[in-house]
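Participant: Before I ask anything, here is the structure I am working with.
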Amino acid sequence: MNALDIRTVDVVQYVTPLREGGSLPAIVKASDGFMYVLKFRGAGQGKKALIAEFIGGELARAIDLKVPEMVFMNLDDSFSKTEPDEEIQDLLKFSVGLNLGLHFLSGAITVDPLVTKIDGLIASKVVLLDSIISNIDRTPKNPNLLYWNKELWIIDNGASFYFHHNWPTWENHLTRTFPLIKDHVLLAQATQLPAAATSIALTLDSAKISAIIQSIPEEWLVNEADDLSPDAMRGAYTRYLTTKLSMIDVLAKEAQDAR
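The UniProt record's numbering numbers the first residue of the sequence shown as 1 and each following residue consecutively.
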């Protein structure tokens, strides 16, 4: 199976922590000269949050939503040795290895849905994407959406796919809908749900899903607490997504009813 062409860079400078995120991401400079928001494998939800972030972001990109470029970021152990803050020091120490970076959108502002008018089709696609990936964290309190260059950008999908925190029961989630969509920050502006469902169904084929899942770094899928092998996990993510896509009209109707 073909994987996506995701670049790998090295962290060369830790610039500043972003205190607004619960997982304490940071702005860093990479070996390619660009600035990134670095999501750490050593943070609260660990590597599974990186997997959710990566899959959710690349699915959003595949359905023509705007997502900052994502890169795999190597972090070596030199940064923890020079960091005075103990909490950040520990985070850096536990995150040595491959992490996830999102291109830093300088000057971007957090979306306020009461102020920012979002295109109805785009809002509908975001709502349905979050239904598909079971994203519990795109609410008015925490939109996880940016406005940059007069366009809406999708960030922070790490709270998705919560079934992967308990692999023995993951199959129970396959045919569930997503009632929490009633709290979605863009639900009121999602005026084109049927059209968005049709567009997603046409755009997101099995080859694209497979390419995204095949691109997850192997080391993120290895966890002593999990019984499933990396290949079995890839199969589970793939089956989950293809099942949800087959239910896209049901998810659209659920969101429409919640509106």
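Cβ atoms here follow ideal geometry from the backbone N, Cα and C, with glycine treated the same way.
This one's a predicted model, so the numbers in the text were calculated from it and none came from an experiment.
If I measure Cβ to Cβ from Leu145 and keep anything under 8 Å in the same chain, skipping five residues before and after, which residues do I get?
Facilitator: Thr110, Val111, Val126, Arg138, Leu152, Trp153, Ile154, Ile155, Val185, Leu186
Participant: Report yes if the C-beta distance between Val15 and Val71 is below 8 Å; otherwise report no.
Facilitator: no
Participant: Between Ser124, Phe34, Leu50, which has its C-alpha nearest Val222's C-alpha?
Facilitator: Leu50
Participant: Would you identify the three-state DSSP class for His164, choosing helix, strand or coil?
Facilitator: helix
Participant: Thinking C-alpha only, which one of Ala252, Ser206, Ser78 is nearest Ala195?
Facilitator: Ala252
Participant: Taking a contact to mean a Cβ-Cβ separation below 8 Å, would you say Ser206 touches Thr242 in this structure?
Facilitator: In terms of Cβ geometry, Ser206 and Thr242 form a close pair [threshold 8 Å].
Participant: Which residue comes first and which comes last in the alpha helix (DSSP H) that contains Ala197?
Facilitator: 193-203
Participant: May I ask you to verify whether the region 159-168 touches the region 228-248, counting CB pairs closer than 8 Å and requiring at least 3?
Facilitator: yes
Participant: Should Pro143 go down as buried or exposed, given a rule of 16 or more other Cβ atoms within 10 Å for buried?
Facilitator: buried
Participant: Taking C-alpha atoms, which residue in Ser246, Arg61, Val28 lies nearest to Leu92?
Facilitator: Val28
Participant: Use the C-beta contact count for Asn2: other C-beta atoms within 10 angstroms, 16 or more gives buried, fewer gives exposed.
Facilitator: The residue is exposed, with fewer than 16 neighbouring Cβ atoms inside 10 Å.
Participant: Would you mind reading off the limits of the alpha helix (DSSP H) that contains Leu251?
Facilitator: Per DSSP, Leu251 belongs to the alpha helix (DSSP H) from 248-258.
Participant: Taking contact to mean 3 or more Cβ pairs, one atom from each stretch, closer than 8 Å, check whether the region 95-109 and the region 168-181 are in contact.
Facilitator: no
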